[in-house]
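>
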Amino acid sequence: MLIRSVVPVVLALVAGGILLLGLGRNPLTFYGDIWKGGIEQGGWQDSAIRMAPFLLIAAGLTVIFRANIWNLGYNGQFLLAAALVSGYAPSLVKDVSLWIAFPVLFLLAAGVGAVWTIVPALLKAFYGTNEIITTLMMSFIGVDVASILIKSPSAFHDPSTPLPQTAVISRLLPNIPGTRIHIGLLVAFAAILVVHYVMTRTSWGLKLQIMGANPRAARHFGISLPRLIVGSFLVSGALVGLAAAADILGLWGYVRTSQPFNYGDSVIPFVFLARLNALAVVPFIAFYSVLSTGGDLAASNASLPSDFLLVLVALILLFMTVIEYMGRRRELGQSYLTPGLKQALRAPLIRRQTA
Amino acid sequence: MSVRTDTRAPIVELIGITKTFPGVLANDRIDLTLRRGEVHCLLGENGAGKSTLIGILSGLLRPDAGKILIEGVQTPVSSPRVALELGIGTVPQHSALIPALTVLENLMLGDNRRFRLDEAGARRRLAEVAGTLGVEVDGDAKASELALGHQQQVEIVKALWRGSRVLILDEPTSMLTPQAIAELGKVLGRLKEQGQAVIFITHKLHEALSLGDRISILRQGRLAGRIDGQTLRSTAHEEVRAEIVRIMFGEEARTVADLAELRQELVVGDAGGQVDAAAETVLELRTVSAPGEGAELGIDDVSLELRQGEILGVAGVDGNGQRALAEVIAGQRAAAQGQVLLYGGPVTRLSVSARQKLGLRYVTDDRLGEGIVGVLPVGLNLFLKRVGERPFWRRGRIQRAVIAEQAGQLIDRFDVRTPSVDTRIATLSGGNVQKVLLARELSFDPKVVVFHKPTYGLDVKTTATVRSLIGRLAQGGGAALVISTDLDELLEICDRIAVLSRGRLVGTVPNRSGAAEEVGRLLLGDSGAEEAA
Numbered sequence: 010m011l012i013r014s015v016v017p018v019v020l021a022l023v024a025g026g027i028l029l030l031g032l033g034r035n036p037l038t039f040y041g042d043i044w045k046g047g048i049e050q051g052g053w054q055d056s057a058i059r060m061a062p063f064l065l066i067a068a069g070l071t072v073i074f075r076a077n078i079w080n081l082g083y084n085g086q087f088l089l090a091a092a093l094v095s096g097y098a099p100s101l102v103k104d105v106s107l108w109i110a111f112p113v114l115f116l117l118a119a120g121v122g123a124v125w126t127i128v129p130a131l132l133k134a135f136y137g138t139n140e141i142i143t144t145l146m147m148s149f150i151g152v153d154v155a156s157i158l159i160k161s162p163s164a165f166h167d168p169s170t171p172l173p174q175t176a177v178i179s180r181l182l183p184n185i186p187g188t189r190i191h192i193g194l195l196v197a198f199a200a201i202l203v204v205h206y207v208m209t210r211t212s213w214g215l216k217l218q219i220m221g222a223n224p225r226a227a228r229h230f231g232i233s234l235p236r237l238i239v240g241s242f243l244v245s246g247a248l249v250g251l252a253a254a255a256d257i258l259g260l261w262g263y264v265r266t267s268q269p270f271n272y273g274d275s276v277i278p279f280v281f282l283a284r285l286n287a288l289a290v291v292p293f294i295a296f297y298s299v300l301s302t303g304g305d306l307a308a309s310n311a312s313l314p315s316d317f318l319l320v321l322v323a324l325i326l327l328f329m330t331v332i333e334y335m336g337r338r339r340e341l342g343q344s345y346l347t348p349g350l351k352q353a354l355r356a357p358l359i360r361r362q363t364a
Numbered sequence: 017m018s019v020r021t022d023t024r025a026p027i028v029e030l031i032g033i034t035k036t037f038p039g040v041l042a043n044d045r046i047d048l049t050l051r052r053g054e055v056h057c058l059l060g061e062n063g064a065g066k067s068t069l070i071g072i073l074s075g076l077l078r079p080d081a082g083k084i085l086i087e088g089v090q091t092p093v094s095s096p097r098v099a100l101e102l103g104i105g106t107v108p109q110h111s112a113l114i115p116a117l118t119v120l121e122n123l124m125l126g127d128n129r130r131f132r133l134d135e136a137g138a139r140r141r142l143a144e145v146a147g148t149l150g151v152e153v154d155g156d157a158k159a160s161e162l163a164l165g166h167q168q169q170v171e172i173v174k175a176l177w178r179g180s181r182v183l184i185l186d187e188p189t190s191m192l193t194p195q196a197i198a199e200l201g202k203v204l205g206r207l208k209e210q211g212q213a214v215i216f217i218t219h220k221l222h223e224a225l226s227l228g229d230r231i232s233i234l235r236q237g238r239l240a241g242r243i244d245g246q247t248l249r250s251t252a253h254e255e256v257r258a259e260i261v262r263i264m265f266g267e268e269a270r271t272v273a274d275l276a277e278l279r280q281e282l283v284v285g286d287a288g289g290q291v292d293a294a295a296e297t298v299l300e301l302r303t304v305s306a307p308g309e310g311a312e313l314g315i316d317d318v319s320l321e322l323r324q325g326e327i328l329g330v331a332g333v334d335g336n337g338q339r340a341l342a343e344v345i346a347g348q349r350a351a352a353q354g355q356v357l358l359y360g361g362p363v364t365r366l367s368v369s370a371r372q373k374l375g376l377r378y379v380t381d382d383r384l385g386e387g388i389v390g391v392l393p394v395g396l397n398l399f400l401k402r403v404g405e406r407p408f409w410r411r412g413r414i415q416r417a418v419i420a421e422q423a424g425q426l427i428d429r430f431d432v433r434t435p436s437v438d439t440r441i442a443t444l445s446g447g448n449v450q451k452v453l454l455a456r457e458l459s460f461d462p463k464v465v466v467f468h469k470p471t472y473g474l475d476v477k478t479t480a481t482v483r484s485l486i487g488r489l490a491q492g493g494g495a496a497l498v499i500s501t502d503l504d505e506l507l508e509i510c511d512r513i514a515v516l517s518r519g520r521l522v523g524t525v526p527n528r529s530g531a532a533e534e535v536g537r538l539l540l541g542d543s544g545a546e547e548a549a
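Chains as they are written, first to last, in the numbering used here: chain A, 10 to 364; chain B, 17 to 549.
(1) Do we get a CB-CB distance below 7 Å when we pair I31/B with the residues of chain A?
(2) Taking 6 Å as the limit between beta carbons, can you name the residues of its chain near V272/B, skipping five residues before and five after?
(3) Less than 7 Å between C-beta atoms, sequence neighbours within five positions excluded: which residues of the same chain meet that for A21/A?
(4) Step through the CB atoms of chain A and report whether any lies within less than 7 Å of the CB of R413/B.
(5) Quick check on DSSP: helix, strand or coil for R249/B?
(6) In terms of residues, what are the limits of the alpha helix (DSSP H) holding N77/A?
(7) What residues from chain B crowd round L215/A, counting only those whose CB sits closer than 9 Å?
(8) Quick one: what's got a C-beta closer than 8 Å to T91/B's C-beta in the same chain, skipping five residues either side?
(9) Pull up the CB-CB distance for A311/A and L318/A, whole angstroms please, since I reckon it's below 8 Å.
(10) Can you name the residues of chain B whose CB is closer than 9 Å to the CB of R225/A?
(11) Looking at the strands, I want to know which residues DSSP matches up with V256/B.
(12) Got a sec, what are the start and stop residues for the beta strand (DSSP E) R302/B sits in?
(13) Out of curiosity, what's the CA-to-CA distance linking G3/A and S301/A?
(14) Can a CB atom of chain A be found closer than 7 Å to the CB of Q90/B?
(15) According to DSSP, simplified to helix, strand and coil, what is I84/B?
(16) In whole angstroms, what separates the C-alpha of R242/B from that of G60/B?
(17) Count the other CB atoms, across all protein chains shown, that sit within 10 Å of the CB of I178/A; report buried if there are 16 or more and exposed otherwise.
(18) Would L237/A and K216/A be called neighbours here (beta carbons separated by less than 7 Å)?
(19) Could you list which residues in chain A have their beta carbon closer than 7 Å to that of S369/B, in chain order?
(20) Could you work out which residue in I231/B, F131/B, I104/B is closest to I172/B when comparing CA atoms only?
(21) Between L507/B, A198/B, V182/B, K469/B, which lies nearest to D381/B when the distance is taken from Cα to Cα?
(22) Going by CA-CA distance only, name the one from I73/A, A24/A, A67/A, K103/A that's closest to A271/A.
(23) Thinking C-alpha only, which one of V333/B, K373/B, D334/B is nearest A346/B?
(24) What do you get for I114/B, buried or exposed, if any count of 16 or more other CB atoms within 10 angstroms of its CB means buried?
(25) Of all Cβ atoms in chain B, is any one closer than 7 Å to the Cβ of S14/A?
(26) If we define contact as Cβ-Cβ less than 7 Å, is Q422/B a contact residue for chain A?
(27) In chain order, which alpha helix (DSSP H) runs of at least 4 residues are fully inside the stretch 365-447 of chain B?
(28) R228/A touches chain B at which residues, Cβ-Cβ below 8 Å?
(29) Which residue's Cα is closest to the Cα of S517/B: V333/B, S74/B, I414/B, R440/B?
(30) I'd like to know whether the C-beta of V151/B is nearer than 7 Å to at least one C-beta of chain A.
(31) Excluding sequence positions up to five away, which residues of its chain have a Cβ less than 6 Å from the Cβ of A442/B?
(32) G96/A and F165/A: beta carbons closer than 7 Å?
(33) If you count every other CB in all the chains shown that lies within 10 Å of the CB of G360/B, and 16 or more means buried, which is it?
(34) Expressed to the nearest angstrom, what Euclidean distance is found between the alpha-carbon atoms of K220/B and V89/B?
(35) List the residues of chain B that R210/A touches, going by C-beta distances under 7 Å, in chain order.
(36) Assign R97/B to one of three DSSP states: helix, strand, or coil.
Set out below in structure tokens:
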């Protein structure tokens with residue numbers, strides 16, 4: 010199982026290296042720069058800071074993917090929560106004790122993320138509507154609503170700047186003593202532990218797993234599916250909302266409409282590589298955080314757009330699919346290749362022999 | 017039947033076929049010869065290796081060792097498509113027709129030699145094949161609208177579509193009514209006349225005896241014995257039957273106490289009818305209607321009463337409302353009208369788990385589809401109807417030690433053969449999965465249990481075990497509603513038999529001599545039988 014998770018990553022790095030060669034760059038320099046930027050000289054702290062929102066999103070996706078429900082509306086949930094947190098935080102951190110302000114803001118973000126899943130959740134629970142479509146649609150709406158909130162002077166727009174951004178929050182989350190890493194990372198680790206416990210040790214986690222593995226069986230066992238569906242959506246959206254709060258209150262201090270807050274898109278492959286196991290997702294997210302932190306430096310040194318990192322993520326997904334397929338065939342006692350493919354590979358040889 | 021000898025040239029020979037799966041020797045040096053114009057019966061318990069052998073012949077699996085000769089020439093059957101090209105056609109146990117398409121469209125699906133669909137050609141071919149089989153097939157009927165027997169005929173036509181030499185029938189009678197089985201017997205006769213070689217897989221001894229020209233018996237992956245055509249024709253059926261039982265279960269079968277039950281299974285008994293009329297009514301349905309699902313009918317205005325200590329059978333052809341009936345009692349499907357009463361109290365609006373707690377249980381027929389969660393271990397599967405309940409969960413937290421201990425006890429009590437409680441249940445055989453389901457439903461004070469096709473697809477031994485469990489439940493003061501398409505089964509164990517036809521209960525017959533005929537008449541829509549509810 011571990012091999013099936015690690016091999017796609019290795020293959021993607023190799024294929025990415027070949028791609029770099031094709032583009033006339035030295036892959037060793039590129040990967041070396043990633044190491045330098047992501048680990049060395051305190052780079053590991055920047056990587057750790059990036060981990061916080063990634064882990065929280067991964068926790069949220071793990072919960073709902075286990076139930077075989079596809080919440081793909083994380084971008085809207087995240088951005089809307091981010092917009093509201095950055096909108097209310099500047100005044101709140103000034104007026105109230107931080108001991109109250111930060112928890113309230115985290116709760117606000119969780120609430121916003123959860124609320125934004127309600128429509129898809131109810132439609133799925135009571136009408137069986139495909140949640141992939143509804144969550145994506147709600148995501149687009151969420152992104153646009155967030156951008157209106159950020160730009161509108163009557164909402165959260167900072168009047169002191171012509172840029173479409175909110176006012177800067179004067180006090181951010183405290184750091185873990187001795188580091189530059191904000192305590193949002195601790196929140197993220199706590200969420201991962203709680204999710205893991207819930208999924209492996211509690212009846213609610215088991216019910217989610219049953220529903221995910223065999224919804225007809227769930228009905229047969231007398232498990233109420235609508236309640237579970239809505240519940241898993243709310244938890245998932247809340248965790249995505251927490252990710253937004255951690256990132257805004259710990260790192261950014263404001264939201265701008267041009268910020269690429271599509272973290273979830275890069276997190277998804279690692280949630281699958283971890284086989285929907287909340288603990289196993291941690292090393293993968295750590296790996297990706299280093300990759301993305303160091304990748305910015307590496308890409309600019311190689312004068313490549315930083316989107317090249319998304320190519321690496323896509324390659325990981327691609328190889329994961331192939332490895333998974335071959336592994337499944339192996340489990341079924343079949344050969345790695347399909348008979349058709351084998352025949353196609355052999356055909357030229359056979360023709361040569363007979364000729 | 018025409019006279020034939022055993023000297024016919026073999027059309028397909030399997031020699032020394034061996035196949036292992038991780039941890040299982042599924043086929044161990046099996047030899048099998050198929051000849052033109054012969055029905056070769058393959059008999060064996062679940063897990064004996066029948067499906068593996070057939071999978072190898074039809075190109076789904078590759079053997080580890082051994083060879084396949086086709087008309088004397090060694091030929092690798094490397095894929096299902098190659099098998100089809102070699103003229104090896106398979107009729108699957110469960111219809112694989114696409115319900116939304118017409119019969120003709122289904123038949124044309126397999127024919128991708130040309131890009132354009134040749135409908136006129138297909139129509140001619142259908143008339144031709146159906147004519148040789150002596151059946152009538154409406155090419156324009158939707159597959160979903162056909163009765164199971166007709167669907168099977170279409171499957172046979174499909175297998176013969178591109179010219180077949182060997183036809184594999186995988187448990188073809190398991191879903192059929194007695195009439196449809198007789199029809200299938202005739203079709204087999206026609207196929208033999210045309211020189212087809214047929215492999216007929218079955219669990220049922222009497223079918224093997226009446227339809228087979230030759231019988232091979234598999235046991236634990238090996239060819240345990242053969243009965244050739246000569247012996248079959250010249251020996252009395254009773255003797256052959258005893259011989260087969262000996263081969264299937266080995267010499268030890270004689271000493272095993274199960275044998276008595278086994279014998280019982282083979283002889284249709286004249287049980288039942290002794291329940292005290294004054295016994296308390298434990299389950300009652302009052303004019304209950306419920307919607308169907310897909311091609312399956314719902315139930316319409318069904319009323320029935322089940323008394324304490326009674327086993328009430330529900331006979332009928334599959335798809336006539338059986339599932340709706342079972343689910344409406346279990347609480348999985350809402351009743352559109354009418355009332356379900358348990359011990360006189362209405363439970364119509366109660367949830368599945370509430371009814372479960374009151375002692376109302378349901379052993380589903382769809383064991384793999386809804387009865388278990390395949391990826392979870394056997395131990396946990398035993399308690400999936402009690403998720404979150406004490407003592408297995410406390411404050412929502414799983415109590416693994418309690419589950420392991422109680423699971424161990426149930427596994428012993430119900431004789432579930434599993435490597436451990438932690439084994440993934442999907443790896444167990446069908447019979448053991450059914451034992452897990454029975455253990456789940458028949459533990460913690462069961463009172464009224466609905467059994468839906470409880471022995472469907474099980475081997476003789478497990479079948480006997482299941483039937484004796486049902487009997488014990490009734491003797492112990494419980495009551496059972498047994499829904500089955502196997503009339504022999506109902507006649508053997510039930511006190512009364514109700515007949516379900518097109519979603520309605522068309523009559524109830526006390527199980528005494530002559531009950532079979534009465535049930536048969538009701539099934540065929542003859543309203544002459546008595547109504548005694």
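Glycine included, every Cβ here is placed at the ideal spot set by N, Cα and C.
Quick answer:
(1) no
(2) Model confidence at V272/B stands at a pLDDT of 41, short of 50, so the residue's coordinates are unreliable and nothing is read from them.
(3) L321, L324, I325, F328
(4) yes
(5) helix
(6) Here N77/A belongs to no alpha helix (DSSP H), and DSSP marks it neither H nor E.
(7) L392, L396, L400, V403, G404, W409, I414
(8) I84, L85, L102
(9) In fact, because the Cβ distance is near 12 Å, the residues do not count as touching under 8 Å.
(10) D382, G385, E386
(11) Paired residue(s): none; V256/B is not in a bridge.
(12) 297-306
(13) This structure does not reach residue 3/A, given that chain A is present from 10 up to 364, and the question cannot be answered.
(14) no
(15) strand
(16) 12 Å
(17) buried
(18) yes
(19) G231
(20) I104/B
(21) K469/B
(22) Looking at the sequence shown, residue 271/A is not Ala but Asn. Looking at the Cα atoms, A67/A is the closest of the given residues.
(23) K373/B
(24) exposed
(25) no
(26) no
(27) 368-373, 394-397, 416-429
(28) Q348, V368, E386
(29) V333/B
(30) no
(31) G390
(32) yes
(33) exposed
(34) 34 Å
(35) R413, I414
(36) helix
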